[in-house]
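**Q**
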Amino acid sequence: MVVQIDIDGTIDAAPEFFRWLSVALKRDGHRVLVVTSRTTSPENVKATAAELKELGVVYDVLFLSPELDDLDARRLPPGLHPAHRLYISKLFAAEDHGTEVLFDDCGITADLFQRYLPKVKIFRPLKGRAVSPENDLSQFGVSQAQFSEALQMFLDDRAVRPRKLRERFGDAMGTNLLSLSEIKDFISKSGDRWVVDVERIKEYLARHERKPGLDRG
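Just so you know, we're using this note's numbering here: the sequence shown kicks off at 1 and counts up by one.
#1: Once DSSP output is grouped into helix, strand and coil, what is the label at K202?
#2: Around the Cβ of P133, are there at least 16 other Cβ atoms within 10 angstroms (buried) or fewer (exposed)?
#3: At what residue ranges does the stretch 130-199 contain a whole run of the beta strand (DSSP E), taking only runs of 3 or more?
#4: Taking all protein chains shown into account, do 16 or more other C-beta atoms lie within 10 angstroms of the C-beta of V131, making it buried, or fewer, making it exposed?
#5: How far does the alpha helix (DSSP H) with T10 in it extend, from its first residue to its last?
#6: How many Å lie between F18 and E51 at the Cα?
#7: In chain order, what residues of the same chain have a beta carbon less than 7 Å from the beta carbon of G213, not counting five sequence neighbours either side?
#8: Does DSSP classify S65 as helix, strand or coil?
#9: What number of angstroms, rounded off, separates the C-alpha of V3 from the C-alpha of V120?
#10: Going by Cα to Cα distance, which pick from I11, V58, A13, K90 is closest to K26?
#11: Let me check one thing: in DSSP terms, what residues is K121 bridge-paired to?
#12: With DSSP as the reference, label V34 as helix, strand or coil.
#13: Evaluate contact between the stretch 187-202 and the stretch 152-164, counting only Cβ atoms and requiring at least three cross-stretch pairs below 8 Å.
#14: Just the Cα atoms here: how many angstroms apart are C106 and A206?
#15: Straight-line CA distance for R129 to I122?
#16: Looking at C-alpha atoms only, which residue of E167, L180, A14 is the closest neighbour of Q144?
#17: Name the residue from D171, E203, I88 whose alpha carbon lies nearest to the alpha carbon of A47.
#18: Whole angstroms are fine: how far does the CA of L86 sit from the CA of L71?
#19: Quick one: what does DSSP say T48 is sitting in, helix, strand or coil?
#20: If you drop the 5 nearest sequence neighbours on each side, which residues of the same chain put their C-beta closer than 8 Å to that of E182?
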């Protein structure tokens, strides 16, 4: 059996369980893939491997996600939402290695597998109660404050700088914020260029601005 496990929001949400699970799977001759949306680089690979070692999680292969420009366009499913390219490498890893079971907290990843690899059994850690899709930041593991800060960065720069996002929030969170911003149409990709909807962002930030004294009793 081939089991694929995400890190952020999955392994780090229940490290003792995944330590036990990975050791048990390996002991019984199964394959364990750790596949994350963290961006690949020698430094990130080294840091991620060290983190997993500290947690006691064992595996056969560790995959980090390539930059969007490095994705093989020939493998992208037709009609794929542009924002979902941020997660498609998880699907590619599963196709290449015959994943049979997936542990991943991300709703988008689960949707991709259900659509394109429906035979894979999905186990998804859930946090909190369900909310409407329009207002659900939690499925991305994003807080209102983080989302507003990311939008403010786009507004200040009048540009989208994925690397700057990752430096500010970390690889996984930066990826989630980029994806969420695109899904909600605050930014869009036009060819090789990102477009920022300045007025839409201004309106959103004004609507969600914390009013002075609001939290006072």
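Glycine included, C-beta positions come from ideal geometry on N, C-alpha and C. Note that the structure is a prediction, hence the values are computed from the model and not measured.
**A** On the basis of the data shown:
#1: helix
#2: Confidence in P133 is poor, its pLDDT being 41 and thus under 50, which makes the residue's placement too unreliable to answer from.
#3: 187-190, 193-196
#4: Interpretation of V131 is limited by its pLDDT of 41, a score under 50 that renders its predicted location unreliable; the figure taken from the coordinates is listed afterwards. The residue is exposed, with fewer than 16 neighbouring Cβ atoms inside 10 Å.
#5: It is not in any alpha helix (DSSP H) - T10 carries neither H nor E in the DSSP assignment.
#6: 13 Å
#7: Its pLDDT being 41, under 50, G213 is placed unreliably in this model, and the coordinates cannot settle the point.
#8: strand
#9: 10 Å
#10: V58
#11: V101
#12: strand
#13: yes
#14: 29 Å
#15: Unreliable positioning characterises R129 in this predicted model, as indicated by a pLDDT of 45, which lies under 50. The coordinate reading is nonetheless provided below. Computed Cα separation, rounded: 19 Å.
#16: L180
#17: D171
#18: 10 Å
#19: helix
#20: P82, A83, S188, K189
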